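Here's the structure we're looking at; comments come further down.
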Amino acid sequence: MNDSPGWATPGSSPSDGEGSHGTQPPTGGSGSDSKWSAEQPPPGQWSSPTPGQTPQAPQTPQAPHQQPPAPQPGAGWGSYGGGPQSGPQGGWGGHAHAAKPGVIPLRPLGIGEILDGAVTTMRKHWRAVLPITLVVAVLVQLASVLSQKYLFGDLVVDASSTAPAEEQLESFSSLIGVSALDAFIQLVGSIVATAMLTMIFSRAVLGHGSSIGVAWREARPQLLRLFGLTLLLGIGSAVLFTVLVLPGALAGQAGLAILGGLAALGVILWLWIRFALASPSLMLEKTTVRKALARSSKLVKGSWWRIFGITFLTGIITTLLAGLIVLPLTLVGGLVFGGGLEGMADGTGATSWGYLIFAGIGGVIALTITMPVQAGVTVLLYVDQRIRREALDLELARAAGIENYGTSTPPTGG
7 MNDSPGWATP
17 GSSPSDGEGS
27 HGTQPPTGGS
37 GSDSKWSAEQ
47 PPPGQWSSPT
57 PGQTPQAPQT
67 PQAPHQQPPA
77 PQPGAGWGSY
87 GGGPQSGPQG
97 GWGGHAHAAK
107 PGVIPLRPLG
117 IGEILDGAVT
127 TMRKHWRAVL
137 PITLVVAVLV
147 QLASVLSQKY
157 LFGDLVVDAS
167 STAPAEEQLE
177 SFSSLIGVSA
187 LDAFIQLVGS
197 IVATAMLTMI
207 FSRAVLGHGS
217 SIGVAWREAR
227 PQLLRLFGLT
237 LLLGIGSAVL
247 FTVLVLPGAL
257 AGQAGLAILG
267 GLAALGVILW
277 LWIRFALASP
287 SLMLEKTTVR
297 KALARSSKLV
307 KGSWWRIFGI
317 TFLTGIITTL
327 LAGLIVLPLT
337 LVGGLVFGGG
347 LEGMADGTGA
357 TSWGYLIFAG
367 IGGVIALTIT
377 MPVQAGVTVL
387 LYVDQRIRRE
397 ALDLELARAA
407 GIENYGTSTP
417 PTGG
């Protein structure tokens, strides 16, 4: 069985403006299960039988003196099959019989289920997740500590300094160079971690275990494309910001420059969410950068505010969590090794080894924990959107070994 079935774009999908299931089954997976699309009920006919029962034939009208039975909770609110119709008709995922072979139930997800799926994957597959993020966090923080110690400690920043102008210019040139190297290390580390974590999360959805070696072998063919995608989005954002701010700056109009900057930030935010699912699309569908951007745009269409809200909330949670970890260690390092409050105030303590080591340890812990949460939420958002738009839950259920999932008989697994 293919470990990542169903990720390839279906031949006929709602994202392309066609029917909900199309006339052909998804191409991924194993076996010749053409019944998976042929046996699905037509849109609008999903039902939710009472738990533990199978759908019964219509009953004869009751006698006038008989009291009709009370409606069952959740009846008529979606089904265990998921699919494109399950979101609006199912009350945002109220499926009584959704199977759960892995870290999420196979139906449209709520924000709590997406966050829980990310944390559950970290907990269940920590042997694969934590070493990846730990190595990346150590490399990133090591580069940051060394640059702060050997660059910022010797940097001439005082305009009234008696140091020659050439020395100050050389210091700032070194600052730019080392900062660029630091940013490059962080970029490469985050790309590799994101690629490998995407593979781990995709297997966790099916209930499959993973390892660092397996994640690396699956992610490696797409690493250069993911690097190109990341650079394209970053350079595009910088160019857009420059184009909108530069006219006001050149004209000496501060108000116009600020207005252009605000407009640039708004457009960049809109594009950032529109292409938020490009990374998992690129990695899991084994596609090109251009097609990944197009796929993300189609999957996000009509759900921009929802994806923005989940992404924004995830950012707040991870930022607060990182702050709770980094701040105490930074304060201890500054008070003990950085000359106390006076040294922290004038900046002289920020380059002491004790302060930098404590701050680096806090950064390593924070990155190790928050990085997989952010990557996991992005992957699960991608899966959720494909379940809502393309009935990916049916293909994932088949890949997980759940038979007759989405047919008239409720699945027994999960």
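The opening position of the sequence shown corresponds to residue 7 in my numbering, with each subsequent residue numbered one higher.
Think of the CB as a built atom: it goes at the ideal place given N, C-alpha and C, for glycine as much as any other residue.
Treat the numbers as computed from the prediction; the structure is a model and nothing was measured.
Under the three-state DSSP convention, the category residue i falls into
| i | result |
| --- | --- |
| valine 109 | coil |
| isoleucine 408 | coil |
| serine 216 | coil |
| serine 309 | coil |
| glutamine 259 | coil |
| alanine 104 | coil |
| proline 114 | coil |
| threonine 320 | helix |
| leucine 136 | helix |
| alanine 403 | helix |
| threonine 200 | helix |
| threonine 294 | coil |
| phenylalanine 233 | helix |
| phenylalanine 281 | coil |
| phenylalanine 343 | helix |
Residue range of the alpha helix (DSSP H) that includes residue i
| i | result |
| --- | --- |
| glutamate 396 | 359-396 |
| lysine 3 | This structure does not reach residue 3, given that the chain is present from 7 up to 420, and the question cannot be answered. |
| proline 286 | 284-290 |
Supposed contact pair residue j and residue i - C-beta distance, whole angstroms, cut 8 angstroms
| i | j | result |
| --- | --- | --- |
| valine 109 | glycine 123 | 4 angstroms |
| leucine 235 | leucine 288 | 6 angstroms |
| leucine 136 | threonine 374 | 6 angstroms |
| leucine 112 | aspartate 390 | Not a contact, Cβ separation roughly 10 angstroms. |
| leucine 232 | alanine 201 | 5 angstroms |
| glycine 329 | tyrosine 361 | Wrong, their Cβ atoms sit about 17 angstroms apart, outside the cutoff. |
| valine 370 | alanine 143 | 4 angstroms |
| glycine 5 | serine 196 | Lying outside 7 to 420, the shown extent of the chain, residue 5 is not represented and no answer is given. |
| phenylalanine 247 | isoleucine 274 | 7 angstroms |
| proline 114 | isoleucine 313 | No, proline 114 and isoleucine 313 are not in contact; Cβ-Cβ is about 13 angstroms, not under 8 angstroms. |
| proline 107 | leucine 187 | So it is not a contact: roughly 44 angstroms between Cβ atoms. |
| leucine 387 | isoleucine 206 | With a Cβ gap of about 16 angstroms, leucine 387 and isoleucine 206 do not count as contacting. |
| glycine 266 | valine 251 | 5 angstroms |
| isoleucine 191 | valine 146 | 6 angstroms |
| leucine 327 | phenylalanine 364 | At roughly 18 angstroms, the Cβ-Cβ gap does not stay under 8 angstroms, so leucine 327 and phenylalanine 364 are not in contact. |
| threonine 204 | leucine 290 | 7 angstroms |
Cβ neighbour criterion (16 or more within 10 Å) applied to residue i
| i | result |
| --- | --- |
| tyrosine 156 | exposed |
| threonine 325 | exposed |
| lysine 304 | buried |
| proline 378 | buried |
| glycine 318 | According to the sequence as given, residue 318 is phenylalanine; it is not glycine. Classification for phenylalanine 318: exposed. |
| alanine 189 | exposed |
| glutamate 396 | buried |
| serine 185 | exposed |
| alanine 244 | exposed |
| glycine 382 | buried |
| glutamate 401 | buried |
| tyrosine 411 | buried |
| arginine 209 | buried |
| isoleucine 138 | buried |
| leucine 230 | exposed |
| glutamate 409 | exposed |
| valine 295 | buried |
| isoleucine 322 | exposed |
| valine 249 | exposed |
| glycine 407 | exposed |
| isoleucine 316 | buried |
| glycine 272 | exposed |
| leucine 299 | buried |
| glycine 308 | exposed |
heavy atom of the ligand NAP below 7 angstroms from residue i C-beta
| i | result |
| --- | --- |
| glycine 407 | In terms of ligand content, the structure shown is empty, and the ligand NAP therefore cannot be addressed. |
Within-8 angstroms CB hit, residue i to chain D
| i | result |
| --- | --- |
| leucine 288 | Among the protein chains of the structure shown there is no chain D, as only one such chain exists. |
Checklist entry - Counting pairs of beta carbons, one from the segment 254-272 and one from the segment 223-231, are three or more of them closer than 8 angstroms? => result The segment 254-272, when compared against the segment 223-231, does not touch it at the 8 angstroms Cβ threshold.
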